[in-house]
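Protein chains: 2
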Amino acid sequence: MSGPPTAGTRPDEVRRHNRTALLRRLHVGGPCTRAELAAELGLNRSTIKALVDGLAEAGVVVEQVSVKRTGAGRPSLLVLPQPRSLWVLAVDVGVEQTTVAAVGFGGEVLGTRGWTLPRGSGSPDDLLAKIGAAGRRLAERIGSEPVGVGVSVPGVVRRDGYVHEAPNLHWEGVPVGERLSAALNRPVLVGNDAELGALAEHTRGIATEAADMVFVSVDVGVGGGVISERAALRGSGGYVGELGHMVVRPGGRPCYCGCQGCWETEIGEDALCRALGLPEGSPREAVVGELRSLAGEEPQVALTRMREFTDWLGLGLINVVNLLGPQLVVLGDLLAALPDAVVDEAAETVRERSLVSRAVGGIRIVASPLGKEAKIIGAAELAFQQALSG
Amino acid sequence: MSGPPTAGTRPDEVRRHNRTALLRRLHVGGPCTRAELAAELGLNRSTIKALVDGLAEAGVVVEQVSVKRTGAGRPSLLVLPQPRSLWVLAVDVGVEQTTVAAVGFGGEVLGTRGWTLPRGSGSPDDLLAKIGAAGRRLAERIGSEPVGVGVSVPGVVRRDGYVHEAPNLHWEGVPVGERLSAALNRPVLVGNDAELGALAEHTRGIATEAADMVFVSVDVGVGGGVISERAALRGSGGYVGELGHMVVRPGGRPCYCGCQGCWETEIGEDALCRALGLPEGSPREAVVGELRSLAGEEPQVALTRMREFTDWLGLGLINVVNLLGPQLVVLGDLLAALPDAVVDEAAETVRERSLVSRAVGGIRIVASPLGKEAKIIGAAELAFQQALSG
DNA sequence: GGGCATATGTTCTGCGCCACAACATTTTCG
DNA sequence: CGAAAATGTTGTGGCGCAGAACATATGCCC
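Order-wise, the sequence lines are chains A and B.
The first sequence begins at 51 in this note's numbering and counts up one residue at a time.
The second sequence begins at 51 in this note's numbering and counts up one residue at a time.
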């Protein structure tokens, strides 16, 4: 860190910081004993007691005598997060489908609403109104208000919720955060879908151990999210990077962004259709079905048919790894359905040809285990990040 | 942030944090009054007094009655950093030249030693021994020991000082940190040259206001450093990204890294020579001289002659900007000598064709004002970062 | 089953750090 | 020259954590 000095800290910030750390531990790691909390947070028993007592008073946690026998000594009290005491609204605005979920403290899903809209139909305002209504219905059913709202949007978006451009939704300049904040009367945080996919995999997916990871997903376009030193990477003005618009093939196919040969034009949904021998714009089910059937074939068959696609995937990943030096790359959405042979081949390419990969050693490239859930989990975690540090 | 919870904090951490913030303010921003410190750090007068008194006791600062008249009221005491009370050793291991400098608290250079070695001559051990000797001589002259050591190396390097590979030095697997730490008996931090260039520009250069910036430099190869949210970006294992080995031209010239058409092969020193009509491997002075004379010509002349170079520069920058969303890109080393017309043209390309640039708005691309000093300043700041937070 | 070792909960005390208030000092301005 | 203003200086209080001392619950050994 450098530049202008950090602001000073007051002693009460310590309490806030420790409470936040404790809440995060419970939210991410699940129930545990007071003794474990003390050990993990490096705090004294008496301090943990004070913190937990405060949270129990507020109903956020419940203490109960531990059942498990671990040896001699008085058994420690188990601290259980109470999902309904503190919950957030998570929204995944997808190209074809929008989902609204209530996610409780600890990660339990308390309720879901979802609906399908044909691609690009309907105005942003209509959709936002529907989201607002769904959110209010969920709040009614749960009997309390959410502490925050997190939204995933597939596009170029600022943290305050201004959607600069979401090409596949045909949105431009939509103040999503402002609108939802007004409709639901709660703080709203908005993130890019791939960024939130990264957050989800890092919080509750395959990347919990990876301090530095990249999430690459193909929905319609290609998106990317980066976690660096356990924190989400964001650029200036809160905009997140657009991995999909890295030019990998100068003079290649034109992209709507104004460049030619963007990674998106080479491994996006259309490119995937071409690789699979399907017409561009085929329905999602057809693409996924074809990928699954290919995954059932001999590895060599998949590799041969998807040779070019695999090469461009590998090339883009080399660049991503060379620039960001992650220890893990997670492939999401449609890429999660790729045949293992294709993923392994791309991974091998990266290990062989990426300078940084050779230095870091042992970079893993894997399919997302959270799949379609990643975006909405990420949206929830985005909201929780703010809510738990309050 | 997510994943495993942050460790708890004790009340004494508050003092440490505030003292570090105060030291950084003085180091980076220069002398200022106690009143200004209180305002900027958001701390009470009494707290500032306690902190400053402690530092004055240790001789790190001196207080003196302020001279400037600013209005009514008792004039605030001026707090002056004492360069000789707290200094670091900064080392820039260059391809042709190695420099060792003593940099004092506040940024003043207390002394310098440097020498030139023909490219690739001499063993790492010899060079490290010379660095150690130069450091000891500087310490003798100053009359005290440095509080830390920072080293810039042009290669793939870990924060603990293990140089995985430095192709232009012909180094591989050199434990620079370990060796110098043993020789100088001080903590040693090692960074990649471009990373430290970024740190320098962000701390004392043109990028002090930019929370998110990228530094791109051509020394022999192409290096890059990223500052994100005022902190240096590092990948897994402490390795920094290698922007130079981003593949921008698949099937292009082979690079030692194993890929073809890396950015480095298109805008590295050799590519620059080709663009200027000089033989590859021309002496540095010839390259810089040719660039300077070209800068004196009509813009159109420079643009025409460097058309291809400018295009590849612009293309790589589009990728960098799309991935990282900086608000400022600083071009260092040889790139700092580029004719304005070339820089402006590349900047225009980025503004027109980078999706993220259009969203962020007003991305600036400028030549480094620190020039060759950047690396050693960065090395000093790296050491200070650790020393001031002790 | 009784006693001991062990681990944890509970309570109280002390220390460090900061904010705030009250007073002192120094300067400007009318 | 006195009032106002801004800051230095000093003492008090509150907050938060650690540690000690004691209480409690469990396992283990004889």
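We treat Cβ as the ideally placed atom computed from N, Cα and C, and that holds for glycine.
Everything numeric in this text was worked out from a predicted model, so none of it was measured.
Whole-number beta carbon distance between residue j and residue i, since they are thought to touch under 8 Å
i	j	result
residue 18/B	residue 213/B	Lying before the first or after the last residue shown, residue 18/B is absent from chain B, which here runs from 51 to 440.
residue 449/B	residue 321/B	This structure cannot speak to residue 449/B, because chain B is shown only from 51 to 440.
residue 393/B	residue 409/B	In fact, because the Cβ distance is near 22 Å, the residues do not count as touching under 8 Å.
residue 267/A	residue 247/A	5 Å
residue 262/A	residue 96/B	Their Cβ separation, rounded to whole angstroms, is 42 Å, which puts residue 262/A and residue 96/B out of contact at 8 Å.
residue 110/A	residue 136/A	6 Å
residue 150/B	residue 139/B	7 Å
residue 230/A	residue 178/A	6 Å
residue 91/A	residue 438/A	Wrong, their Cβ atoms sit about 14 Å apart, outside the cutoff.
residue 101/A	residue 60/A	No, residue 101/A and residue 60/A are not in contact; Cβ-Cβ is about 18 Å, not under 8 Å.
residue 324/A	residue 146/A	The pair is not a contact, with the Cβ atoms about 20 Å apart (cut-off 8 Å).
residue 203/B	residue 243/B	7 Å
residue 296/B	residue 372/A	6 Å
residue 311/A	residue 303/A	6 Å
residue 299/A	residue 300/B	6 Å
Own chain partners of residue i with C-beta closer than 8 Å, once the 5 adjacent residues on each side are dropped
i	result
residue 260/A	252, 277, 376, 377 and 378
residue 51/B	Low per-residue confidence applies at residue 51/B: pLDDT is 39, beneath 50, and the placement is therefore not dependable enough to give any value.
residue 279/B	261 and 262
residue 85/A	95 and 126
residue 99/B	84
residue 336/A	328
residue 355/B	325, 326, 327 and 344
Close Cβ partners of residue i (< 7 Å) along its chain, the five nearest in sequence each way excluded
i	result
residue 191/A	161
residue 53/B	The pLDDT assigned to residue 53/B is 34, lower than 50, so where the model puts this residue is not dependable; a value taken from the coordinates is nonetheless given after this. So the list is empty, once near-sequence residues are dropped.
residue 396/A	360, 363, 364, 367 and 415
residue 71/B	91
residue 281/B	none
residue 224/B	174 and 213
residue 419/A	255 and 256
residue 182/B	230, 233 and 234
residue 353/A	360, 391, 392 and 395
residue 436/A	198, 237 and 239
Opposing strand residues paired with residue i [DSSP bridges]
i	result
residue 238/B	199/B
residue 221/A	216/A
residue 206/B	215/B
residue 417/B	381/B
residue 163/B	150/B
residue 114/B	128/B
residue 83/A	128/A
Residues near residue i by beta carbon distance below 6 Å, same chain, minus five either side
i	result
residue 227/A	210, 211, 238 and 240
residue 55/B	Because the pLDDT of residue 55/B is 43, which lies under 50, any placement of that residue in the model is unreliable, and the number read from its coordinates should be weighed accordingly. So the list is empty, once near-sequence residues are dropped.
residue 387/B	338 and 341
residue 66/B	none
residue 399/B	364
residue 105/A	111
Runs of beta strand (DSSP E) wholly within the stretch 119 to 154 of chain A (minimum 3 residues, chain order): DSSP runs (the beta strand (DSSP E)) wholly in the stretch 119 to 154 of chain A: 127 to 131, 137 to 143 and 147 to 154.
Touching by the beta-carbon criterion (3+ pairs, under 8 Å), the stretch 149 to 163 of chain B and the stretch 77 to 90 of chain B: yes
Quick check: the stretch 414 to 427 of chain A against the stretch 243 to 261 of chain A, are at least 3 beta-carbon pairs closer than 8 Å? The answer is yes - the stretch 414 to 427 of chain A touches the stretch 243 to 261 of chain A, with three or more Cβ pairs under 8 Å.
Taking contact to mean at least 3 C-beta pairs separated by less than 8 Å, is the stretch 333 to 350 of chain A in contact with the stretch 263 to 272 of chain B? no
Taking 8 Å as the cut-off, does the stretch 396 to 415 of chain B touch the stretch 109 to 121 of chain B (at least 3 CB pairs, one atom from each stretch)? no
Complete runs of the alpha helix (DSSP H) confined to the stretch 247 to 327 of chain B [at least 4 residues]: 313 to 317 and 319 to 326
How about the stretch 313 to 332 of chain A and the stretch 311 to 325 of chain B: do they share at least three Cβ pairs that are nearer than 8 Å? no
Which parts of the stretch 328 to 393 of chain A are runs of the alpha helix (DSSP H), unbroken and 4 residues or longer, counting only runs that do not cross its ends? 334 to 346, 349 to 355 and 357 to 374
Which full runs of the alpha helix (DSSP H) of 4+ residues lie inside the stretch 166 to 194 of chain B, going along the chain? Taking only runs of at least 4 residues, the alpha helix (DSSP H) segments lying wholly in the stretch 166 to 194 of chain B are 174 to 192.
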